[in-house]
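Chemist: Starting off with a structure, shown below.
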Amino acid sequence: RISRHFVGLPAAQVPQGIDSALKSVVSALVFERALVALFSRDQSTFQITRRYAVASFDPVLAIDEPTPVSRMPWLAAQMLARTVVVVSSPDELPPEALHEREALFRQNVAWVAYYPLDVGGTVLGAVGFLGRHQWKPDHGEGLLVLSQLFASGLDRKRADDELRQTHRLTELVGEVSRRFIDLPPPE
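If you're matching positions, the sequence shown starts at 18 in my numbering and goes up one per residue.
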């Protein structure tokens, strides 16, 4: 159902479509939270752009706040390497995932599943699902498909935004050119 809705969504409505999909997935699969984080173009920062939670919680990171990847270096490295990360306990994280482990303990999260948002070999960010109840591995394939849908939609939106920006620039250059042409000759 989500894929049919998402594929036909106009680029400008992709963020709202992601919000709706996150809510549907969290509710249907009895997760506690879900989020989408996007990397900056140079991949030195990321920001949480969408988030859904069934109950209020004290987030580690604010929405739309650029955050250095050094805040979550291990997870960022996994996502940039296009590696799906699923752990059933913060204790399963490797020793180098110190920041990530501390964040999970601080939020009382038992398991996480993060999927890279990969478009043609370029990682735009990640979609993550978090919970306190036991992770069910049979959810993995569906969440992978959802991450691919999100990546495609976000790439479409980014391309649409860039095209719109180029169009505005072209119009501005045309307007400036007309003004110069309409200037009276110097006396």
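Every residue gets a Cβ at the ideal spot worked out from N, C-alpha and C, and that includes glycine.
All values reported here derive from a predicted model rather than from experimental measurement.
1. Am I right that arginine 173 and valine 31 are in contact with their C-beta atoms under 8 Å? What's the rounded C-beta distance?
2. My understanding is that proline 85 touches threonine 62, with C-beta atoms under 8 Å, so please give their C-beta distance in whole angstroms.
3. Starting from alanine 120, trace the alpha helix (DSSP H) both ways and give me its first and last residue.
4. Would you tell me roughly how many angstroms separate the C-alpha atoms of valine 104 and alanine 176, rounded to the nearest one?
5. Taking glycine 148 and valine 162 to be in contact with their CB atoms under 8 Å, please state how far apart those CB atoms are, rounded to whole angstroms.
6. If you run the structure through DSSP and keep just helix, strand and coil, what is arginine 181?
7. Whose CA, out of Ser194, Val129, Val193 and Gly170, lies closest to the CA of glycine 34?
8. Please state the DSSP three-state secondary structure of aspartate 59.
Modeler: According to the structure shown:
1. Numbered from its first residue, the sequence shown carries residue 173 at position 156. Numbered from its first residue, the sequence shown carries residue 31 at position 14. Confirmed, Cβ separation roughly 7 Å.
2. By 1-based counting over the sequence shown, the position of residue 85 is 68. By 1-based counting over the sequence shown, the position of residue 62 is 45. Sure, about 6 Å apart at Cβ, within 8 Å.
3. Taking the first residue of the sequence shown as position 1, residue 120 is located at position 103. Note, alanine 120: alpha helix (DSSP H), 115 to 123.
4. Position 87 of the sequence shown, counted from the first residue, corresponds to residue 104. Position 159 of the sequence shown, counted from the first residue, corresponds to residue 176. Approximately 33 Å, taken between the alpha carbons.
5. Walking along the sequence shown from the start, residue 148 turns up at place 131. Walking along the sequence shown from the start, residue 162 turns up at place 145. Going by Cβ atoms, the distance from glycine 148 to valine 162 rounds to 19 Å, so no, they are not a contact pair.
6. Mapped onto the sequence shown, residue 181 falls at position 164. When DSSP states are grouped into helix, strand and coil, arginine 181 belongs to the helix group.
7. If you number the sequence shown from 1, residue 34 lands on position 17. Checked all of Ser194, Val129, Val193 and Gly170; the closest Cα to glycine 34 is Gly170.
8. Counting from one through the sequence shown, the residue named residue 59 turns up at place 42. Reduced to three states, the DSSP call for aspartate 59 is coil.
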